[in-house]
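Under the working numbering, the residue at position 202 of the sequence shown is numbered 243, and the numbers go up by one with no gaps. Think of the CB as a built atom: it goes at the ideal place given N, C-alpha and C, for glycine as much as any other residue. Here's the structure we're looking at; comments come further down.
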Amino acid sequence: MSEWHLKPGRLKLRELRHLLDGRPRLSIDPSAWAAVDASALAVQTAVERGTPLYGINTGFGKLAKTHIPQDQLTQLQRNLVRSHAVGTGHLLDDETVRLILVLKAASLARGFSGVRRYVIETLLALYNAGVLPCIPSKGSVGASGDLAPLAHMTMALMGEGEVRVDGLVIPARLGLSRAGIAPIELAAKEGLALLNGTQVSTALALRALMETEDVFAAAVVTGALSVDAARGSDAPFDERIHEVRGQIGQIAVAGAYRRLLEGSAIRRSHLVNDDRVQDPYSLRCQPQVMGACLDLINQAARTLVIEANAVSDNPLVFGDEVISGGNFHAEPVALAADTLALAIAEIGALSERRTALLIDATLSGLPGFLVREPGINSGFMMAHVTAAALASENKSLAHPASVDSLPTSANQEDHVSMATFAARRLLEMTANTRTIVAIELLAAAQGIDFHAPLQTSEPLRFVHEALREKVGFYAEDRYFAPDIAAADELLADEALTPMVSDLLPSWSSN
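Here it is as structure tokens:
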């Protein structure tokens, strides 16, 4: 297993993608410890002076004016964690929990949170040992950070609650003991530093960002294959059209379509004597729609990589000063997640329209419902219905979560972001859109087969062949669900992503 030194404040999207794809052993870059030690000492000094400091020697939220005696400060932190562990719903998956641990450790290691290095090392010890806190998915409004889910994370550090090891849920104390990890005894401020922060919503949004990149890439490649399947024109992808508009994403995506379709014998076969003047928008306007989606993906990526590196707990330690602010408010994550939801929904909506086009003989020129002898065979009729159902679901899920706010904590927290739900629902949306694109891929490959012996371009032949290794030509009606599942699995394995990876933020050097 390789070892990585995390550099707090300098995490890159590409590194975060690799963390999700693999499991290197992690440690904090040694250069970070001086700032960590200094901030922990500053908190200890402030406690010894007895200066009233929020969350260090006072109550929390509406109880911030209540002074806590020095001999009760450890109990204060324990009580905070236990009382805030109120999550509900299904448990977050292992990949998300691992990323939460990494983001929290990296944030605390910036040296502005006043925690001991031992706390940070224990977070990474859990990651490295595969002892993953059981974190319920629901219960955060994204205001004072992701309080409830991070409380469940912190319970595991304390040897309380439950952890998951190799898929098995066991008591946290047992999991820590087997891994040789000692439960931590929280010092002043440490419980608050662990609970405050946007790491859960950010981890969920980052996972969704990377899945959105994959479905975006799959939709671009599959959309190009659909152009050839429908004997569409590549003229709308002409560089000059897109340059005069000037939209950056549109220009980049148009270039991808040109590369993917270059050299297609199917395209050459209808350059002349084609009585169609223009293709429907779902083919012709792909650069405009997908380019706009790419711009949204890039915008969300910029916000999320900043947040992945952010210090988002409260209060913060600057030298000898401890200052209370509001970096825990997750509005940037909520808005980024809502932006991604729009892109995910539109990618799926456009793909569904291309499938509808391909099965319509009057538009595509292909056999009705993409099957020989339509009538006795229903072909792709119901597969398209599934795509339509999923696209419609995504329309509802795309409603922005950030526009909702319910005051909490007796109106102390009178505006909340709903970032955790905003990010969490994205994974369902990307799964829906991936299946929509998988259905289009099956339809487009079927259309290509009907043009034989003419062949598509070399890059798209690779796509067609990769699918045909898993799913054969649809000669007559058969059990269709396994075909969809196989195509979906192909896309989930990122088989098409490298073909346009130069467009994607987490595949670049950013």
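From residue i to residue j, what does the alpha carbon distance come to, in whole angstroms?
i, j, result
"A493", "E469", "37 angstroms"
"E372", "S443", "7 angstroms"
"M422", "G273", "22 angstroms"
"A428", "I480", "7 angstroms"
"A125", "V346", "Inspection of the sequence shows that residue 125 is occupied by His rather than by Ala. Distance between the alpha carbons of H125 and V346: 27 angstroms."
"I289", "D336", "7 angstroms"
"G296", "G183", "39 angstroms"
"R2", "L407", "Residue 2 lies beyond the residue range present for the chain, which begins at 42 and ends at 551; the question has no answer from this structure."
"P415", "L404", "16 angstroms"
"D401", "E510", "26 angstroms"
"A270", "L399", "8 angstroms"
"L501", "A378", "32 angstroms"
"L324", "R308", "14 angstroms"
"G554", "A228", "Given a span of 42 to 551 for the chain in the structure shown, any question on residue 554 remains unanswerable."
"G561", "V358", "No statement about residue 561 is possible, as the shown extent of the chain runs from 42 to 551 and does not include it."
"S392", "V457", "35 angstroms"
"G420", "A528", "16 angstroms"
"Q291", "F462", "30 angstroms"
"R413", "G488", "11 angstroms"
"E595", "D316", "The structure shown does not extend to residue 595, since the chain is modelled only from 42 to 551, so the question has no answer here."
"A150", "L431", "42 angstroms"
Which term fits residue i, buried or exposed, when burial requires 16 or more other beta carbons within 10 angstroms of its beta carbon?
i, result
"K230", "buried"
"N98", "buried"
"K436", "exposed"
"E203", "buried"
"T370", "Position check: residue 370 holds His in this sequence, whereas Thr was assumed. Buried."
"A306", "exposed"
"K145", "buried"
"P356", "buried"
"P523", "exposed"
"Y168", "buried"
"N418", "buried"
"T107", "exposed"
"D320", "buried"
"G128", "buried"
"P546", "buried"
"D455", "exposed"
"D255", "buried"
"D112", "exposed"
"R519", "exposed"
"Q240", "buried"
Using only alpha-carbon positions, find the residue among the options that is nearest to residue i.
i, options, result
"E506", "P523, A486, E517", "A486"
"Q496", "L302, T476, A479, L345", "L302"
"S542", "A259, L391, A386, R158", "A259"
"I109", "H193, S148, P224, P93", "P93"
"G200", "Q111, D187, S218", "S218"
"S72", "L142, H46, A81, L54", "H46"
"N350", "R58, A147, V88, Q111", "A147"
"R9", "I400, M194, A271", "This structure cannot settle anything about residue 9, because the visible part of the chain is limited to 42 through 551."
"T253", "A293, G389, F278", "G389"
"P49", "V84, R299, S68", "S68"
"F514", "D490, R502, D445", "D490"
"G63", "S43, F101, G304", "S43"
"D275", "R299, T129, N339, C334", "R299"
"T263", "M540, D455, P546", "M540"
"I525", "T471, A424, D534, A432", "A424"
"V160", "G180, K179, S178, M196", "M196"
"V557", "C326, Q340, V210", "Here the chain comprises residues numbered 42 to 551, so residue 557 is not present and cannot be evaluated."
"A460", "L532, A375, A397", "A375"
"I176", "R157, V512, G155, L140", "L140"
So, is the C-beta of residue i closer than 7 angstroms to a C-beta in chain C?
i, result
"Q319", "Among the chains of the structure shown, chain C does not appear; only one protein chain is present."
Handout entry: Three-pair Cβ contact test at 8 angstroms for the segment 234-251 versus the segment 154-170
Key = yes
Exercise for the section: Output the residue ranges of the alpha helix (DSSP H) runs that lie fully inside the segment 432-494 and measure 4 residues or longer, sorted by chain position. Expected result: 460-491
Handout entry: Entirely enclosed alpha helix (DSSP H) segments - the segment 380-431, minimum 4 residues
Key = 402-405
Practice task
Give a yes or no on contact between the segment 236-250 and the segment 134-141, applying the rule of three or more CB pairs nearer than 8 angstroms.
Solution key: yes
Practice task
Check whether the segment 382-391 touches the segment 354-367, taking contact to mean three or more Cβ pairs, one atom from each stretch, closer than 8 angstroms.
Solution key: no
Practice task
Report yes or no: do three or more beta-carbon pairs, one from the segment 278-286 and one from the segment 472-480, lie closer than 8 angstroms?
Solution key: no
Problem - Segment contact flag, the segment 206-217 with the segment 183-193, C-beta cutoff 8 angstroms, min 3 pairs - result: no
Exercise for the section: Scan the segment 139-202 and note each continuous beta strand (DSSP E) run of 3 residues or more that stays entirely inside, going in chain order. Expected result: Within the segment 139-202, the runs of beta strand (DSSP E) that reach at least 3 residues and sit entirely inside it are, in chain order, 177-179.
Problem - Whole alpha helix (DSSP H) elements within the segment 44-126, 4-residue minimum - result: 54-62, 74-90, 114-125
Problem - Any beta strand (DSSP E) of 3 or more consecutive residues that is wholly inside the segment 241-270 - result: none
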